[in-house]
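See below for the structure under consideration.
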Amino acid sequence: MRNLLELITIILPVLYAVLIWLYALLVVNREKRITRISATLFTVTLVIHLLYTALLAVYKHYFPVTTPGELLSLSALFIALLYWLLERKLKVITTGMFIFIALFFLQFLSAFLIDLSAPVDEVLQEPMFLFHVSSVVVAYSALFICTLFSIIYLVLYHSLKKARFGFIYQISFSLEELSRFSYLSGIIGFILLSVTIVTGILWRKEAFPDLAHFDPQVVVSYLIWSIYGIFIYGKYRRSWSAKRLSYLSVGGAGVIISSLIIVNYLLQSFHQFG
Amino acid sequence: MAHNNIYILGVSHQRAGFDLLSRAAFSPEEQLEFPRILLARPLIAEACIVSTCNRNELYVRTEGRTLTREELKKCWQDFNPRLTEKDFEFFYLWENEQAIEHLFRVTAGMDSLIPGETEIVGQVKSAFRRAASASFTGIYLNHLFETALQVEKRVRTQTSISVGAVSVAYAAVELAQKIIRRMSDKKALLIGSGETGQLVALHLKQKGIGHIYVANRTGAHARTLAEKFSGEALPLQDIHKVLPEVDLVVGATASPDYMISGPMMRQVMKIRNQRPLIMIDIAIPRDFDPALSRFENIFLHDMSSLEKIVENNKTRRREEFDKAGVIIREETGKFLQWCRGLELKPTIISLRRKMEDIRNGEIEKYRHRVDEAHWVLVEQITRGLLNKILHLPLSNLKEMEGGQGEVHRKINLVREIFDLREEENV
Numbered sequence: 027m028r029n030l031l032e033l034i035t036i037i038l039p040v041l042y043a044v045l046i047w048l049y050a051l052l053v054v055n056r057e058k059r060i061t062r063i064s065a066t067l068f069t070v071t072l073v074i075h076l077l078y079t080a081l082l083a084v085y086k087h088y089f090p091v092t093t094p095g096e097l098l099s100l101s102a103l104f105i106a107l108l109y110w111l112l113e114r115k116l117k118v119i120t121t122g123m124f125i126f127i128a129l130f131f132l133q134f135l136s137a138f139l140i141d142l143s144a145p146v147d148e149v150l151q152e153p154m155f156l157f158h159v160s161s162v163v164v165a166y167s168a169l170f171i172c173t174l175f176s177i178i179y180l181v182l183y184h185s186l187k188k189a190r191f192g193f194i195y196q197i198s199f200s201l202e203e204l205s206r207f208s209y210l211s212g213i214i215g216f217i218l219l220s221v222t223i224v225t226g227i228l229w230r231k232e233a234f235p236d237l238a239h240f241d242p243q244v245v246v247s248y249l250i251w252s253i254y255g256i257f258i259y260g261k262y263r264r265s266w267s268a269k270r271l272s273y274l275s276v277g278g279a280g281v282i283i284s285s286l287i288i289v290n291y292l293l294q295s296f297h298q299f300g
Numbered sequence: 157m158a159h160n161n162i163y164i165l166g167v168s169h170q171r172a173g174f175d176l177l178s179r180a181a182f183s184p185e186e187q188l189e190f191p192r193i194l195l196a197r198p199l200i201a202e203a204c205i206v207s208t209c210n211r212n213e214l215y216v217r218t219e220g221r222t223l224t225r226e227e228l229k230k231c232w233q234d235f236n237p238r239l240t241e242k243d244f245e246f247f248y249l250w251e252n253e254q255a256i257e258h259l260f261r262v263t264a265g266m267d268s269l270i271p272g273e274t275e276i277v278g279q280v281k282s283a284f285r286r287a288a289s290a291s292f293t294g295i296y297l298n299h300l301f302e303t304a305l306q307v308e309k310r311v312r313t314q315t316s317i318s319v320g321a322v323s324v325a326y327a328a329v330e331l332a333q334k335i336i337r338r339m340s341d342k343k344a345l346l347i348g349s350g351e352t353g354q355l356v357a358l359h360l361k362q363k364g365i366g367h368i369y370v371a372n373r374t375g376a377h378a379r380t381l382a383e384k385f386s387g388e389a390l391p392l393q394d395i396h397k398v399l400p401e402v403d404l405v406v407g408a409t410a411s412p413d414y415m416i417s418g419p420m421m422r423q424v425m426k427i428r429n430q431r432p433l434i435m436i437d438i439a440i441p442r443d444f445d446p447a448l449s450r451f452e453n454i455f456l457h458d459m460s461s462l463e464k465i466v467e468n469n470k471t472r473r474r475e476e477f478d479k480a481g482v483i484i485r486e487e488t489g490k491f492l493q494w495c496r497g498l499e500l501k502p503t504i505i506s507l508r509r510k511m512e513d514i515r516n517g518e519i520e521k522y523r524h525r526v527d528e529a530h531w532v533l534v535e536q537i538t539r540g541l542l543n544k545i546l547h548l549p550l551s552n553l554k555e556m557e558g559g560q561g562e563v564h565r566k567i568n569l570v571r572e573i574f575d576l577r578e579e580e581n582v
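First to last, the sequence lines map onto chains A and B.
With my numbering applied, the first sequence corresponds to residues 27 to 300, in that order.
With my numbering applied, the second sequence corresponds to residues 157 to 582, in that order.
Next comes the structure, spelled out in structure tokens:
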């Protein structure tokens with residue numbers, strides 16, 4: 027099984043790289059044959075990725091979310107899965123190229139970082155912890171898609187306002203769809219982030235009863251939760267425009283990225299697992 | 157042995173102006189009359205006329221000899237005396253491979269005024285049907301036109317030659333679809349009765365827009381237009397009442413003043429609650445105040461925007477020509493091979509028959525010296541030998557390279573070497 031896992035670890039980034047190439051081809055040539063091949067390869071890659079995660083879980087005897095390599099791979103899987111569902115719903119494939127660039131980098135980094143023989147602390151194998159980390163991975167994946175659609179929305183919005191009918195105008199689907207799926211991803215991300223925070227609070231009391239309440243990463247999670255909370259409040263209670271919400275979503279993503287950098291590299295936090 | 161040649165003599169928008177194109181045009185009756193006259197001549201075996209507003213082309217196949225430009229020109233000029241000697245300087249003549257490629261390009265919309273347009277497919281199809289139903293076409297032109305229609309499908313599915321709006325009216329709809337998703341739950345307002353405005357409304361209707369309001373200065377005209385689009389007529393002074401609920405407004409009046417101004421929209425946008433509004437101004441002078449584009453949720457576009465979209469799409473379509481050209485060259489090669497096969501068939505049959513006769517004659521001499529059991533074996537051995545001997549020359553014959561003339565020369569050479577007479581043909 028180890029050999030198979032090592033093989034798939036190498037194959038997955040290659041498959042995502044091929045998908046970047048195929049989806050880039052689709053931007054310039056919407057040939058039915060390429061569309062069919064791309065859609066099939068995407069499904070096959072997703073199945074392989076799911077299989078890889080399941081095999082990894084069987085091999086390691088726990089859900090693979092405890093090391094950075096595993097987390098990156100799982101994030102890629104959830105983003106791919108969410109996008110796969112959106113692609114089938116929207117029937118627009120030209121934005122896939124952007125998603126696959128992100129997926130390639132996540133899986134490529136994961137392939138470098140993943141260590142099949144690394145021992146894992148027992149506390150990190152508890153079901154509550156696994157649930158806590160899985161939910162945060164799905165939450166951040168959904169927020170990533172929310173941000174990506176928000177960025178495309180803003181670019182298309184300004185293109186349309188200034189009558190510039192270039193690349194994004196050609197490949198993108200409508201502003202209405204972009205905003206709709208951006209909200210949807212934002213809501214999914216917000217709900218799962220809420221679940222993450224709640225499970226984190228409950229599990230922390232059991233596993234680390236002596237630790238301080240204000241762990242930097244927890245504080246940052248509250249901040250992100252607040253930003254997306256404002257996002258949802260602004261949409262449904264204040265009727266903010268899609269443009270304003272998109273800026274808020276992009277700002278939220280900026281906070282996530284900077285928090286990850288600050289928390290993981292500059293501050294001491296108990297959120298350094300393994 | 158009959159040599160087949162396919163010719164096209166024609167004139168199109170590429171070289172000629174509207175005046176010449178209209179003088180060279182064929183009426184539906186003439187499209188039946190002219191081929192009939194041509195087919196009465198012994199050298200012409202098949203004929204078809206493709207006559208559209210952008211091209212007039214005569215397709216003929218000859219049997220047994222070649223035709224010159226002068227001969228074809230004379231036929232056309234005799235039929236249509238309105239065409240002068242000077243007019244024919246703008247005509248083109250394509251033969252065989254070039255003629256086949258030309259028809260494929262024409263049908264794929266690569267020779268059209270609007271690159272990649274699809275109207276030409278219907279025009280070529282109906283021209284071919286007309287000629288075929290009058291029995292003006294035979295095995296060659298039937299296969300040529302049927303192949304052209306298949307090639308057109310292949311080009312359109314394998315390239316983006318027909319992607320993107322190439323008319324201003326359709327560009328307006330394409331633009332709207334970049335802002336709103338589903339048309340069925342959306343409403344549009346057409347102000348005025350300009351031709352392009354009506355076309356936009358028609359395209360919106362075809363895309364399944366939920367509801368269309370039509371506002372016009374004269375109530376009767378508004379009602380007529382509303383009926384045409386299964387919409388609702390509206391007096392011009394009432395447009396402010398529907399502005400909060402519509403998603404798209406098209407301005408196509410001849411009014412010297414703005415129909416919709418900034419202050420009017422300020423109130424409307426408050427009621428709309430951030431819902432985007434697409435405003436397409438195709439009127440000259442403008443119907444909508446250009447300052448409206450400053451509103452966050454108003455997407456105001458005029459003729460220059462739409463023309464820009466059309467030009468971009470045309471350029472992108474032209475960029476697909478290289479890819480389409482590869483398909484067309486490949487299909488032209490296949491068609492030529494089919495022609496070659498058809499022309500070779502009698503020669504191959506004659507050659508086989510001749511060899512079979514020799515084999516039969518030779519083994520018959522030994523018939524009485526071989527018993528029945530061995531005779532079957534002799535038959536098998538000699539037939540196998542013959543097949544092996546003929547395999548290489550026949551394969552080479554089928555895959556012969558070179559132009560039509562060269563192929564005919566080689567076929568004649570084979571017939572001469574093996575003394576295959578014309579009456580041996582099947």
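Backbone N, C-alpha and C fix where the C-beta goes; we use that ideal spot for every residue, glycine too.
For clarity, every value in this text was computed on a predicted model and none was experimentally measured.
Under the three-state DSSP convention, the category residue i falls into
i                   : result
threonine 218/B     : strand
valine 582/B        : For valine 582/B, the predicted model reports a pLDDT of 43, less than 50, meaning its position is unreliable; a value from the coordinates is still stated below. Three-state DSSP puts valine 582/B in coil, outside helix and strand.
methionine 425/B    : helix
threonine 167/A     : Checking the sequence, you will find serine at residue 167/A rather than threonine. The answer is helix: DSSP assigns serine 167/A an H, G or I state.
methionine 266/B    : coil
glycine 407/B       : strand
tyrosine 163/B      : strand
histidine 457/B     : strand
phenylalanine 444/B : strand
leucine 51/A        : helix
leucine 223/B       : coil
proline 198/B       : coil
histidine 184/A     : helix
proline 391/B       : strand
aspartate 575/B     : coil
leucine 433/B       : strand
isoleucine 416/B    : strand
CB contact below 8 Å: residue i versus chain A
i                : result
proline 446/B    : no
lysine 470/B     : no
asparagine 516/B : no
serine 340/B     : no
histidine 457/B  : yes
glutamate 580/B  : Model confidence at glutamate 580/B stands at a pLDDT of 45, short of 50, so the residue's coordinates are unreliable; what they give is reported in the following sentence. Closer than 8 Å: no.
threonine 352/B  : no
glutamine 362/B  : no
glutamate 313/B  : Position check: residue 313/B holds threonine in this sequence, whereas glutamate was assumed. Closer than 8 Å: yes.
Status (buried if at least 16 other CB within 10 Å, exposed otherwise) for residue i
i                   : result
glycine 278/A       : buried
phenylalanine 199/A : buried
glutamate 383/B     : exposed
valine 582/B        : Residue placement at valine 582/B cannot be trusted, given a pLDDT of 43 that sits under 50; what the coordinates show is reported in the next sentence. Label assigned to valine 582/B: exposed.
asparagine 516/B    : exposed
serine 461/B        : buried
tyrosine 42/A       : buried
lysine 78/A         : Note that residue 78/A is tyrosine in the sequence shown here, rather than lysine. Tyrosine 78/A is buried by the Cβ-count criterion.
phenylalanine 174/B : exposed
tyrosine 254/A      : buried
arginine 428/B      : buried
Residue i at chain B interface by Cβ criterion, 8 Å
i              : result
leucine 219/A  : no
tyrosine 195/A : yes
leucine 182/A  : yes
leucine 98/A   : no
serine 284/A   : no
Bridge partner(s) assigned by DSSP for residue i
i                : result
serine 207/B     : Asn212/B
proline 153/A    : For proline 153/A, which the question treats as bridged, DSSP gives no partner whatsoever.
serine 155/B     : Coverage of chain B is limited to positions 157 through 582, which leaves residue 155/B absent and any answer about it impossible.
leucine 142/A    : Leucine 142/A is not bridged to any residue.
leucine 492/B    : Leucine 492/B is not bridged to any residue.
tryptophan 250/B : Ile164/B
valine 370/B     : Leu346/B, Ala389/B
Task: Residues within the region 426 to 452 of chain B neighbouring chain A, beta-carbon criterion of under 8 Å - done: Asn429, Gln430, Pro432, Ser449, Glu452
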